[in-house]
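Shown next, in structure tokens, is the structure this report addresses.
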Amino acid sequence: MYYNNNTLIYLDGEFVKANESSTDLYSQTLHYGYGVFEGIRAYKTNNGTKVFKAKEHYERLKKSCELVNIPFNSTVQELVDATYELLQKNNLTDAYVRPLVFCDPNMSLTKPNNVSIMICAWEWGAYLGDKQLRLAVSSYCRPHPRSIKIEAKVCGHYINSILATTEAKDKGYDEALLLDSDGYLAEGPGANLFFEKEGVLYTPQLGNILPGITRATVLELAEELGIEVKQGLYTLEELESADCAFYCGTAAEVIGIESVDDKQFHKKWDDTLGKKLQEAYSQLVRKTETLVYTTL
Ligand code: PMP
318 MYYNNNTLIY
328 LDGEFVKANE
338 SSTDLYSQTL
348 HYGYGVFEGI
358 RAYKTNNGTK
368 VFKAKEHYER
378 LKKSCELVNI
388 PFNSTVQELV
398 DATYELLQKN
408 NLTDAYVRPL
418 VFCDPNMSLT
428 KPNNVSIMIC
438 AWEWGAYLGD
448 KQLRLAVSSY
458 CRPHPRSIKI
468 EAKVCGHYIN
478 SILATTEAKD
488 KGYDEALLLD
498 SDGYLAEGPG
508 ANLFFEKEGV
518 LYTPQLGNIL
528 PGITRATVLE
538 LAEELGIEVK
548 QGLYTLEELE
558 SADCAFYCGT
568 AAEVIGIESV
578 DDKQFHKKWD
588 DTLGKKLQEA
598 YSQLVRKTET
608 LVYTTL
């Protein structure tokens, strides 16, 4: 599904075959989940392939490394260029791009001296599908920000996401909704939450969530569209009395939520601000860069 005999990956400055690459079984990343990664999307546009917010994603990768004391040995621009080259070499246009910084062999609980970086990419459709989601409130809460670096996209943090997703799916739901450790609304296992009430959008404030690049994009789009957005600490009851809600993330894009623990939102998705933002997001990611010609 992810690669075949011809697939190339980027590994420490070179392009190598995916099926001929390997990693050390004594890597700290494998044993302790001590690595950082990104999830990026490339879109086919009228003007070739565009990697959406590539710079922002690699800047977050760099910041994630800094936050957890993992060396970051590349520049953001090198990695942006490598991503375009990787997509071209693999003939990919609409694709998901996965950079991963992983550590050298080290069985102790100390910061690493050496790391590697790999970037792989594959063709991928809508992560959560395109129909509205039925959510289950998770029995797991998001990790406490004093236990981990919540703003960092660290491999090991995703055990929380996997547990929550598995629990929701095992109960017959599409996806989980996680609260923070104080019981306020937080986010999905891999997406940020927004809800609409009486024409205003609400989203959990930063502090207990991953600061999503899609969340930031939705905030920008809302401003452009003249939609008021409030950020704060909100309760499950506030969500349940909302008119509608949606998740957003690089993989999920903007996707409507049908119900939370079987309590349905009454507003028709097509009439919501979420739908408006879903369309605006879909157009934005496929928009070609505007070329600005200057006359000397
Ligand atoms: N929250 C979590 C926990 C995530 O894993 C993701 C996906 N990276 C998001 C939110 C959304 O972030 P982004 O929009 O940057 O993909």
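Residue numbers (this note's numbering): 318 to 613. Every residue gets a Cβ at the ideal spot worked out from N, C-alpha and C, and that includes glycine. Please read all numbers here as calculations on a predicted model, not as lab measurements.
Checklist entry - What did DSSP end up calling I476 once you bin it into helix, strand or coil? => result helix
Next on the checklist: Considering Cα atoms alone, identify which of A568, A359 and H374 is closest to T368.
Outcome noted: Going by the sequence as given, residue 368 is Val instead of Thr. The shortest C-alpha separation from V368 is found at A359.
Item to check | Beta-carbon contacts of K372 that lie in its chain and below 7 Å, excluding the five residues immediately before and after | outcome: V393 and V397
Next on the checklist: Is any non-hydrogen atom of ligand 1 found closer than 7 Å to the C-beta of G529, if you look at the structure I gave you?
Outcome noted: yes
Item to check | Buried or exposed (CB count within 10 angstroms, at least 16 for buried), Q600 | outcome: exposed
Item to check | Rounded C-alpha distance that separates I465 from L502 | outcome: 18 Å
Checklist entry - Which of helix, strand or coil does DSSP assign to W586? => result helix
Checklist entry - What does a CB cutoff of less than 8 Å around I285 pick up in its chain, not counting 5 residues either side in sequence? => result The chain is shown only over 318 to 613; residue 285 falls outside these bounds and no answer can be derived.
Next on the checklist: If distances are taken between C-alpha atoms only, which option among G473, I479 and N336 comes closest to L347?
Outcome noted: G473
Next on the checklist: Checking 8 Å against the spacing of the C-beta atoms, do L342 and K334 come in under that value?
Outcome noted: no
Checklist entry - Out of curiosity, what's the CA-to-CA distance linking Y490 and A438? => result 29 Å
Next on the checklist: Determine whether the beta carbon atoms of L452 and E513 lie at a separation below 8 Å.
Outcome noted: no
Checklist entry - Are the beta-carbon atoms belonging to L495 and G505 less than 8 Å from one another? => result yes
Next on the checklist: Considering only heavy atoms of ligand 1, does any lie closer than 7 Å to the CB of A508?
Outcome noted: yes
Checklist entry - Smallest Cα separation from S425: which of Q345, D487 and V385? => result Q345
Checklist entry - For ligand 3, is there a heavy atom less than 7 Å away from the beta-carbon of G352? => result This structure does not include ligand 3; its bound ligands are ligand 1.
Next on the checklist: Looking at ligand 1, does it come within less than 7 Å of S478, judged from the CB to the closest heavy atom?
Outcome noted: yes
Checklist entry - Which same chain residues, not among the five before or five after V577, have their C-beta less than 7 Å away from its C-beta? => result L452, V454, L494, L556 and E557
Next on the checklist: Could you tell me which whole beta strand (DSSP E) segments of length 3 or greater appear in the stretch 496 to 532?
Outcome noted: 502 to 504, 509 to 514 and 517 to 521
Checklist entry - Using CA coordinates, which residue listed in S498, V546 and V471 is at the minimum distance from K380? => result V471
Checklist entry - I think Y551 touches Y519, with their Cβ atoms under 8 Å apart; what is that distance to the nearest whole Å? => result 6 Å
Item to check | When Q595, F511, D411 and P416 are compared against A399, the one with the closest alpha-carbon | outcome: P416
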